[in-house]
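Novice:
Number of protein chains: 2
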Amino acid sequence: MDVMEAIKTRRSVRKFEDKPVEKEKIDLLLRAAMQAPSAHNEQPWEFIVVENKETLEKLSEADKYTTAMKNGTLAIVCVTDEKYFFSNTNIWMQDLSAASENILLEAVELGLGATWIAITPLEDRMAYIKDLFQLPDGVIAFNMIIIGYPAKVKGFEDRFKPERVHYEQW
Amino acid sequence: MDVMEAIKTRRSVRKFEDKPVEKEKIDLLLRAAMQAPSAHNEQPWEFIVVENKETLEKLSEADKYTTAMKNGTLAIVCVTDEKYFFSNTNIWMQDLSAASENILLEAVELGLGATWIAITPLEDRMAYIKDLFQLPDGVIAFNMIIIGYPAKVKGFEDRFKPERVHYEQW
Numbered sequence: 024m025d026v027m028e029a030i031k032t033r034r035s036v037r038k039f040e041d042k043p044v045e046k047e048k049i050d051l052l053l054r055a056a057m058q059a060p061s062a063h064n065e066q067p068w069e070f071i072v073v074e075n076k077e078t079l080e081k082l083s084e085a086d087k088y089t090t091a092m093k094n095g096t097l098a099i100v101c102v103t104d105e106k107y108f109f110s111n112t113n114i115w116m117q118d119l120s121a122a123s124e125n126i127l128l129e130a131v132e133l134g135l136g137a138t139w140i141a142i143t144p145l146e147d148r149m150a151y152i153k154d155l156f157q158l159p160d161g162v163i164a165f166n167m168i169i170i171g172y173p174a175k176v177k178g179f180e181d182r183f184k185p186e187r188v189h190y191e192q193w
Numbered sequence: 024m025d026v027m028e029a030i031k032t033r034r035s036v037r038k039f040e041d042k043p044v045e046k047e048k049i050d051l052l053l054r055a056a057m058q059a060p061s062a063h064n065e066q067p068w069e070f071i072v073v074e075n076k077e078t079l080e081k082l083s084e085a086d087k088y089t090t091a092m093k094n095g096t097l098a099i100v101c102v103t104d105e106k107y108f109f110s111n112t113n114i115w116m117q118d119l120s121a122a123s124e125n126i127l128l129e130a131v132e133l134g135l136g137a138t139w140i141a142i143t144p145l146e147d148r149m150a151y152i153k154d155l156f157q158l159p160d161g162v163i164a165f166n167m168i169i170i171g172y173p174a175k176v177k178g179f180e181d182r183f184k185p186e187r188v189h190y191e192q193w
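Sequence order for the protein chains is X and E.
Final position of the first sequence in the working numbering is 193; the numbers increase by one with none missing.
Final position of the second sequence in the working numbering is 193; the numbers increase by one with none missing.
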């Protein structure tokens with residue numbers, strides 16, 4: 024699938040078929056994530072792959088806005104570890120965001136749907152997920168992406184706004 | 024071009040041919056950016072398109088690590104405005120990162136090369152860019168992406184690290 028087609032048809036999907044994501048597709052999603060650009064090519068990411076229904080249910084209970092987490096068959100929790108930090112600026116959030124967007128677009132190519140649910144910088148969610156996975160100090164959960172075969176394919180919604188573009192100056 | 028092929032062949036490109044990027048391609052890059060996901064679908068982004076050689080030169084002088092900015096024929100400076108902020112958490116950085124990654128991947132599809140150069144959260148760069156474009160209070164420059172026809176096409180570099188993947192638990 025063309026890049027632009029994937030970008031245009033990517034929508035947040037929160038309802039899924041009861042059909043597991045094949046191992047080969049999980050592997051491709053992780054490969055897509057790890058090819059992302061990162062500051063100083065630090066690649067400051069790790070990933071927790073969750074298919075266990077009980078854990079997906081627990082992820083959905085982080086707060087009232089995370090309920091979609093139980094609907095999918097697969098979640099990828101994107102995590103960083105301070106040990107990768109070259110500097111103490113928070114550019115790692117940009118790196119993990121690029122990796123996450125790669126996952127979302129590759130999901131579209133594979134016929135999957137997904138939704139990116141933030142963890143950082145929401146302190147209550149961060150504490151809940153840290154406790155759930157017993158993450159050691161210095162390990163920070165960034166976001167959780169719920170994935171699966173979409174129950175319904177949403178159409179293209181044009182978000183282009185020409186007034187948001189400035190030429191040469193503000 | 025397939026999504027995975029674009030993800031795999033995307034590399035940071037800092038040397039470019041002396042050939043302008045066509046208006047149609049600039050439009051596609053901006054459309055790709057604005058289709059990105061964002062928290063609460065806020066779309067908290069604006070873009071400054073720079074082709075003027077003198078301005079590219081000035082962008083390159085932000086500090087000693089931004090010199091590549093003068094090599095391209097096009098820069099897109101991704102900007103946010105506090106007026107879009109639904110909440111005061113800094114999730115906008117994630118939204119603008121997703122938009123930036125869309126630009127990088129669409130650039131590959133269009134035969135272009137690009138490099139993402141951070142502005143936020145580096146205070147000196149933020150101040151320099153704010154001054155250069157005379158950005159009003161509340162308008163924050165996030166990053167600048169230098170773009171052009173690559174002088175040399177770099178090959179695929181496999182960044183997959185299986186040890187970065189955890190299954191079901193940390």
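From the three backbone atoms N, C-alpha and C, an ideal C-beta is built for every residue, glycine too.
In this text the structure is predicted, and so the values were computed from the model without any measurement.
Who are the neighbours of L158(E) on chain X, taking C-beta pairs under 8 Å?
Specialist: Going along chain X in sequence order, the residues near L158(E) (Cβ under 8 Å) are W193.
Novice: With which residues is M167(E) paired in a DSSP beta bridge?
Specialist: The partner list for M167(E) (beta bridge, DSSP) reads V100(E), I140(E).
Novice: Would you say L82(X) lies against chain E (beta-carbon separation less than 9 Å)?
Specialist: L82(X) does not count as touching chain E.
Novice: Under a three-way DSSP split, which group does P159(X) fall into?
Specialist: Looking at P159(X) - three-state DSSP - the assignment turns out to be coil, as it is neither helix nor strand.
Novice: Which residue comes first and which comes last in the alpha helix (DSSP H) that contains E132(X)?
Specialist: First-last of the alpha helix (DSSP H) with E132(X): 115–132.
Novice: How would you label D147(E), buried or exposed, when you count the other beta carbons within 10 angstroms and need 16 or more for buried?
Specialist: By the neighbour-count rule (16 or more Cβ atoms within 10 Å), D147(E) is not buried but exposed.
Novice: So which residues of chain X does K38(E) contact, with C-beta pairs closer than 7 Å?
Specialist: Those within 7 Å of K38(E) in chain X number zero; the least Cβ separation is about 17 Å.
Novice: State the CB to CB distance for the pair P173(X) and V36(X), rounded to an integer number of angstroms; the pair is presumed to be in contact (CB under 8 Å).
Specialist: Contact flag correct, Cβ pair sits at about 5 Å.
Novice: Could you tell me which residues DSSP puts in a beta bridge with F39(X)?
Specialist: Answer is P173(X).
Novice: Tell whether a beta-carbon distance below 9 Å holds between F70(X) and G136(X).
Specialist: Cβ atoms of F70(X) and G136(X): not closer than 9 Å.
Novice: Against M27(E), what residues of chain X qualify as contacts under a CB-to-CB distance less than 7 Å, listed in chain order?
Specialist: Result: L51, A55, E129, E132.
Novice: Is the beta carbon of I49(X) closer than 9 Å to that of L128(X)?
Specialist: For L128(X) and I49(X), no; Cβs fall outside 9 Å.
Novice: Thinking T78(E) and F179(E) are a contact (beta carbons under 8 Å), I'd like their distance in whole angstroms, please.
Specialist: With a Cβ gap of about 33 Å, T78(E) and F179(E) do not count as contacting.
Novice: Among residues of its own chain, excluding the 5 on either side of K106(E), which ones have a beta-carbon nearer than 8 Å to its beta-carbon?
Specialist: Correct list, in chain order: G161.
Novice: Could you tell me which residues DSSP puts in a beta bridge with H189(X)?
Specialist: Note: H189(X) sits in a beta bridge opposite I71(E).
Novice: Going by other Cβ atoms of all chains shown within 10 Å of its Cβ, with 16 needed for buried, is Y151(E) buried or exposed?
Specialist: It is buried - the Cβ of Y151(E) has at least 16 other Cβ atoms within 10 Å.
Novice: Compare the beta carbon distance of I99(X) and I170(X) with 9 Å and say whether it is the shorter of the two.
Specialist: The answer is yes: Cβ separation under 9 Å.
Novice: Is there a Cβ of chain E sitting closer than 9 Å to that of P43(X), yes or no?
Specialist: No, its Cβ sits nowhere closer than 9 Å to a Cβ of chain E.
Novice: Between M149(X) and chain E, is the shortest Cβ-Cβ distance under 9 Å, so that the two count as touching?
Specialist: It does not: the Cβ of M149(X) has no partner Cβ on chain E nearer than 9 Å.
Novice: Cβ of E47(X) less than 9 Å from any chain E Cβ?
Specialist: False, the Cβ-Cβ gap to chain E never drops below 9 Å.
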